[in-house]
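Participant:
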Amino acid sequence: MLSRVPLIAEAWDAGGLYHVGAFPGTAWAEWNGRYRDVIRSFVRGDPGIIGQVCSCIAGSADLYQNDGKLPANSIIFVTCHDGFTLSDLVSYDAKHNEANGEASRDGSNDNLSWNCGAEGETDDPAIIGLRLRQARNFMAILLISQGVPMLLAGDEILRSQRGNNNAFCQDNALSWMDWHLSVDALDMLRFVREMIALRKRHASLRHRRFLTGRPANGQSYPDVAWHGERLDDPAWHDPSARFFAFTIAGRGPGESMLHIVFNMNVDTRDAELPVLDGRGWRRIADTAAQPPQDIVPDVETARMERHACWVEARSVVILESC
Numbered sequence: 266m267l268s269r270v271p272l273i274a275e276a277w278d279a280g281g282l283y284h285v286g287a288f289p290g291t292a293w294a295e296w297n298g299r300y301r302d303v304i305r306s307f308v309r310g311d312p313g314i315i316g317q318v319c320s321c322i323a324g325s326a327d328l329y330q331n332d333g334k335l336p337a338n339s340i341i342f343v344t345c346h347d348g349f350t351l352s353d354l355v356s357y358d359a360k361h362n363e364a365n366g367e368a369s370r371d372g373s374n375d376n377l378s379w380n381c382g383a384e385g386e387t388d389d390p391a392i393i394g395l396r397l398r399q400a401r402n403f404m405a406i407l408l409i410s411q412g413v414p415m416l417l418a419g420d421e422i423l424r425s426q427r428g429n430n431n432a433f434c435q436d437n438a439l440s441w442m443d444w445h446l447s448v449d450a451l452d453m454l455r456f457v458r459e460m461i462a463l464r465k466r467h468a469s470l471r472h473r474r475f476l477t478g479r480p481a482n483g484q485s486y487p488d489v490a491w492h493g494e495r496l497d498d499p500a501w502h503d504p505s506a507r508f509f510a511f512t513i514a515g516r517g518p519g520e521s522m523l524h525i526v527f528n529m530n531v532d533t534r535d536a537e538l539p540v541l542d543g544r545g546w547r548r549i550a551d552t553a554a555q556p557p558q559d560i561v562p563d564v565e566t567a568r569m570e571r572h573a574c575w576v577e578a579r580s581v582v583i584l585e586s587c
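Heads up: the sequence shown begins at 266 in this note's numbering, then just goes up one per residue.
#1: For ASP535, list the residues DSSP reports as bridge partners.
#2: What distance in whole Å lies between the Cβ atoms of THR350 and GLY232, which are believed to be in contact at a cut-off of 8 Å?
#3: Would you call the segment 474 to 488 and the segment 329 to 338 touching, i.e. three or more CB-CB distances under 8 Å?
#4: What are the start and end residues of the beta strand (DSSP E) that includes ASP488?
#5: DSSP three-state label for PRO336, please.
#6: Take GLY545 as the anchor and find which of ASP532, SER356, MET569, ASP503 has the nearest alpha-carbon.
#7: If you reduce the DSSP assignment to three classes, tell me which class ARG548 lands in.
#8: Given that a residue counts as buried once 16 or more other Cβ atoms are within 10 Å of its Cβ, and exposed if not, what is LYS360?
#9: Might you give, ordered along the chain, the residues of its own chain that have their beta carbon closer than 7 Å to the beta carbon of ILE461, omitting 5 neighbours on each side?
#10: What separation, rounded to the nearest whole angstrom, lies between the Cα atoms of ALA490 and THR344?
#11: For HIS467, count the other beta carbons within 10 Å of its own beta carbon; 16 or more makes it buried, fewer makes it exposed. Which is it?
#12: For TYR300 and VAL285, what's the separation of their Cα atoms in angstroms?
#13: Would LEU523 and GLU585 be called neighbours here (beta carbons separated by less than 8 Å)?
#14: Answer yes or no: do ALA294 and SER352 have a C-beta to C-beta separation smaller than 8 Å?
#15: Could you work out which residue in PHE527, SER469, PRO562 is closest to GLU520 when comparing CA atoms only?
#16: Among residues of its own chain, excluding the 5 on either side of GLY497, which ones have a beta-carbon nearer than 6 Å to its beta-carbon?
#17: Excluding the 5 residues flanking THR291 on each side, which residues of the same chain have their C-beta closer than 6 Å to its C-beta?
#18: Measuring straight from C-alpha to C-alpha, what distance separates ALA383 and ARG507?
#19: Please name the residue in PHE403, GLY412, LEU416 whose C-alpha comes closest to that of MET529.
#20: Would you tell me roughly how many angstroms separate the C-alpha atoms of LEU417 and PHE342, rounded to the nearest one?
#21: Can you give the Cα-Cα distance for ALA405 and GLN317, rounded to whole angstroms?
#22: My parser needs the beta strand (DSSP E) runs of 3 or more residues fully inside the segment 326 to 399; what are they?
So this is what it looks like as structure tokens:
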């Protein structure tokens, strides 16, 4: 009766057991806690982890492939019912659980978060803008990664628990959805909706098997190629690196290629672009752009003239072949 039912494990417990990548059998999918931690670290600006980030985005083959598992066994996420919401992840450096009645001793102290310059609510437009960009960065990375994305309900509308990362006991406005959406919440909802649509359009973001770095299905290009600011130089082992890119080939006839660039440095960088036979690139998403230009229908964008593109600080850029 249960042979066709998808089973998902939270492969750790409060006692310290941690079986991510080691849960027995291929019938189970797992919450990929390592993906969460690595992507949080990268987006907040931790240097020298490019190799780990690339592994996570490519489906975590190092965790799953040797046991006969597939990318679908990896449930990828940035936030879940435990811990900070996405809005709080970019707004607080520390938990604020005083309302739970345990003197804030409950909840995790290791959140891998960054408040972007002020703890909690602020009216500073620069900090607010950076937080919105960081939220878009997290969503963009999650929705271009191999594996099965899991979103926490409310992240798409920037739901906050005011820094409470253990709100199970708060059956009140602190944890409820507020459906009176602000302009920022509506912009985020549109961005997430369009990112999901982009993922659905591109089968290359949903490979059933792990990427190989070699051409597949008669394609001229490898299924994935990794880069840094210069092509084919991803700086996997550079202890200061906060920048990388990858090119992913279409899986079927007529499917466009994607070139995705990630810059978590504090300054703008210029990235080389692959030269395609008879084709070029157009920019379809840029988390540094103001809504609604942060993600646009491909019919609205022109082919880029340069074989390089400027990538703003702390941003993700998605290019599509044309």
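Note that beta-carbon positions come from the ideal geometry of N, C-alpha and C, so glycine has one too.
Predicted model only: the values in this text are computed from it and were never measured.
Facilitator: So, from the data block:
#1: TRP575
#2: Here the chain comprises residues numbered 266 to 587, so residue 232 is not present and cannot be evaluated.
#3: yes
#4: Counting along the chain, ASP488 falls outside any beta strand (DSSP E), and DSSP gives it neither H nor E.
#5: helix
#6: MET569
#7: strand
#8: buried
#9: LEU408
#10: 28 Å
#11: buried
#12: 10 Å
#13: yes
#14: no
#15: SER469
#16: The sequence shown places Asp at residue 497, rather than the Gly named in the question. There are no such residues.
#17: GLY333, LYS334
#18: 23 Å
#19: PHE403
#20: 8 Å
#21: 17 Å
#22: 339 to 341
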